[in-house]
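K.L.:
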Amino acid sequence: MNPRAQALAAAPLPSLLAQHRGEVVLVNFWSTWCAPCRTELPALQALDETYREPGFTVLAVNPNVDGREPVEAFAREFRLTLPILLDPGKEVGRAYRVSAIPAIFLFDRQGRVTSRRLGDPAWDQPQARAVAERVLAAP
């Protein structure tokens with residue numbers, strides 16, 4: 150598994166969000182069996198790489214229902230280097246009332262949720278990237 154994922158796997162989401170205060174944070178709830186997630190995560194990886202320097206971070210939250218190995222295999226297959234948070238008890242998902250995946254929460258620099266989306270918003274498309282750019286441009 151990528152080093153960022155190992156380092157962050159046990160950290161609770163609120164503490165991660167606190168560590169990224171002052172940055173725009175996109176939290177993606179996903180799973181290895183989710184077909185839309187298979188196209189969305191590589192696009193989110195590209196988004197993370199493109200906007201990391203201006204202060205943008207993607208955190209991927211996986212319920213880890215099948216164990217750690219499928220998540221590690223998925224990360225290797227798709228060459229993911231973005232942080233992966235394992236949520237085996239689904240506590241984080243419940244706290245954010247995630248009822249379906251993929252689910253996206255976009256937090257502004259003050260840590261407030263500015264957008265919540267269910268389904269694949271095609272993050273490789275200009276209109277989806279414009280959402281990220283708009284939140285990045287805000288103070």
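According to this note's numbering, the residues represented by the sequence shown are 150 to 288, in order. We put the CB at the ideal spot given by N, CA and C, even for glycine.
#1: Hey, how far is the Cα of E282 from the Cα of V220?
#2: Could you check the C-alpha separation between W272 and E189 for me, to the nearest Å?
#3: Can you confirm whether the segment 239-254 touches the segment 199-206 when touching is taken to mean that 3 or more C-beta pairs between the two stretches lie within less than 8 Å?
#4: With a 10 Å radius around its C-beta and 16 neighbouring C-beta atoms as the bar for buried, classify Q194 as buried or exposed.
#5: Could you tell me how far apart the beta carbons of V210 and L255 are, in whole angstroms, since I believe they sit closer than 8 Å?
#6: How long is the line joining the alpha carbons of Y245 and P185, rounded to whole angstroms?
P.N.:
Straight from the coordinates:
#1: Roughly 29 Å separates the two Cα atoms.
#2: 7 Å
#3: no
#4: buried
#5: Not really, about 14 Å apart at Cβ, beyond 8 Å.
#6: 20 Å
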